[in-house]
Amino acid sequence: MREEMAQREAAELLRGHRKPRSPHGWGLLVALWLLAFYEPVVTEGHLRRKNLEFIFIRFSAWEFAGCDKLWAGLVTTLCHHIRQHFGALPLSVFHVLGSRPRFASGFSQREWILKTGTCLRLWGLLLVLAVGIAILLVALLVPGIKDHHALKVVGSAVASLSGSSLLLGALSILKNFLVSEKKKIERLTNSDRFAGQLGFMSKIRGEVEVLVDFLAFMEVFERRRLRVVLEITSLDLCYPEKVAGVFNAMATLLSDANAPFIFLLAVDPSVIVPCLEQTGCMKGLADNGYEYLNRAVSLPFSIPETGARSRLRSVEAAIQTREDLMYRIIAGTVAKPRGLPAAAGWREADSEAVAWIHEAFRCLHDGSDVLSRYLPDNGANVRRIVNTVPITLRLLLHRPGAAAVLSPRAAAAWVVLADRWPCRLSWTLQCLEDAGQSVPASDPSEKSLWSIFQENVGELSALRQPLGKVLSLDGDPELFQAFLARDFPFSAGQARLFLAATVNLDHSIRRQMGQLRGLDRL
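So for the sequence shown, the working numbering puts the first residue at 6; every next one is plus one.
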């Protein structure tokens, strides 16, 4: 979107159009003059303008999840960022003196029309004020007239009335300058009568309409189109009623056909749809959350499956956040020449762990390694894997004999396995544990995990209903088969070594599976 802005700006300048203005520096004085004495006009030339500016606003719903009305947080964020972008003074003056642009009649190219009524009123007030001050000065200073008390009263009254009118306008501007739209809405929401306050939504709507009119004014002033882009994230972390409130706020802001708002709603429909179906906003839509989303979203964009290069880029970005690894290498290199005997053993063990961690990261980032095919598409899962690998490797190196049997690549593969298929892996490990407890004489250490899973997959299928939510955490079942049967055929003995160092697998899943297996066999 930023590239599109730059390209359109350059194209408009090549066509010979005037350069856009900014409401900062000298442009601020020009904007205030136009706000006070001129009315903007939307001409045909303005409608033909192709250059535009996007004002990006990021709204994380999780930050406002604790407030009573999440949608109020959305509106206050919008007001705060617009005020911050253009400055408090132009918006305050617009509240008192500004007017929404009107469309030109015919093909007129005049973008600014003098406010004749405003100018006449202002000159009238200044004239009356000057007359009142003159009368007062004459009554106070001219000999022979000083004793006329009535003249002093008339002069004072005329000067006070005209001066108070000008002072009230200045105070209104000062009030809007000091009390922002965000504070006004927060004051309304904090009111004890908030739940039953009559006309509350109309007041919120009024504040939004002022912002829309102000943006329309600034479009004519800046000589380009303006679009406010609100990126709404973390909505799937909030309570259902909060989610419905944000959708209502979006509908309120978009109810005006000319509203310059673009909402980028970044959500997981599988999480949002049940939230919407639990609230009362589904009435009349057969309680179908997907139908509601189809009506609310005008341009659906489902992110395609991540390609190999994108996954590797996510891994690289996640690895670069691990500054602690680079710091340890540098610190170890500096400390070695100093010869500190007390820390020599620790440095040796730590350098070995760092070497293993770097080798594991290299395998994850190597596009030619088959392991990269199994990386998840979700960036959050990639970061979890990158954060888990160092801990798993350090725990493994503390176990005697683990370094001789296992490798950094195998440990990285195990972390990926636990992240991508927690249910199927937990089921396999539980079956392995039960087999060792029921037949102590047998040693299944050489058996592969895939063969153990195949032997017990029928029982897992019978428990699909109680384990439905846990099974939904797993990735592609065919990839699970290819992972364990072909690319990484872990044995039961290796699984036992890994299990003691596995931190990214919820062990409560195995306990639940053990209870279900025990109840099934009673």
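We treat Cβ as the ideally placed atom computed from N, Cα and C, and that holds for glycine.
This one's a predicted model, so the numbers in the text were calculated from it and none came from an experiment.
| Check | Outcome |
| --- | --- |
| Residues near S185 by beta carbon distance below 8 Å, same chain, minus five either side | C84, H85, R88, A93 |
| Same chain, Cβ closer than 7 Å to L317, neighbours up to 5 away in sequence not counted | H370, G372, S377 |
| Proximity to V217 [Cα-Cα], best of E227, L235, F266, G250 | F266 |
| Close Cβ partners of N181 (< 6 Å) along its chain, the five nearest in sequence each way excluded | S97, H100 |
| Touching by the beta-carbon criterion (3+ pairs, under 8 Å), the segment 214-234 and the segment 100-116 | yes |
| Residues of its chain near A109, where Cβ-Cβ distance is below 6 Å and the 5 sequence neighbours each way are ignored | V46, T48 |
| Cβ-Cβ separation, S239 to A358 (assumed contact under 8 Å), whole Å | 34 Å between Cβ atoms; not a contact. |
| According to DSSP, residues forming a beta bridge with S453 | S496 |
| Which of helix, strand or coil DSSP assigns to E357 | helix |
| Opening and closing residue of the alpha helix (DSSP H) in which E483 lies | 482-487 |
| DSSP-derived helix/strand/coil call for S97 | helix |
| Residues near W361 in its chain [Cβ-Cβ closer than 6 Å; skip 5 each side] | L398, P413 |
| Beta carbon of E58 nearer than 9 Å to that of R230 | yes |
| Whether L281 touches F268 by CB criterion (9 Å) | no |
| For E236, three-class secondary structure by DSSP | strand |
| Secondary structure of Y379, DSSP reduced to three states | helix |
| Given 8 Å, three or more beta-carbon pairs between the segment 488-503 and the segment 464-471 | no |
| Reduced DSSP category for Y297 - H, G, I as helix; E, B as strand; rest coil | helix |
| Exposed unless 16 or more other CB atoms sit within 10 angstroms - verdict on Q435 | buried |
| The ligand MG heavy atom lying under 8 Å from the CB of L19 | Looking for the ligand MG in the displayed structure turns up nothing, as the structure carries no ligands at all. |
| For E116, three-class secondary structure by DSSP | coil |
| Simplified DSSP state of F306, which is helix, strand or coil | coil |
| Within 9 Å, strictly: CB atoms of T326 and R388 | yes |
| Exposure of P395, with buried meaning 16 or more beta-carbon neighbours within 10 Å | buried |
| Pairwise C-alpha distance: I118 and S319 | 54 Å |
| Cα-Cα separation, A36 to E17 | 22 Å |
| Cross-strand partners of Y244 (DSSP beta bridge) | Paired residue(s): none; Y244 is not in a bridge. |
| Alpha carbon of A418 to alpha carbon of L400, nearest angstrom | 16 Å |
| Per DSSP, cross-strand counterpart(s) of I514 | According to DSSP, I514 bridges with nothing at all. |
| Local conformation of R105 per DSSP, three classes | coil |
| Continuous beta strand (DSSP E) stretch holding F69: start and end | Neither: F69 is in no beta strand (DSSP E) and is coded neither H nor E. |
| Own chain partners of A323 with C-beta closer than 7 Å, once the 5 adjacent residues on each side are dropped | V387, R388, V391 |
| Coil, strand or helix - R230 by DSSP | strand |
| Local Cβ density within 10 Å of W426, reported as buried at 16 or more and exposed below that | buried |
| Nearest residue (CA-CA) to G312, options Y379, L524, Y297 | Y379 |
| Own chain partners of I60 with C-beta closer than 6 Å, once the 5 adjacent residues on each side are dropped | H90, V233 |
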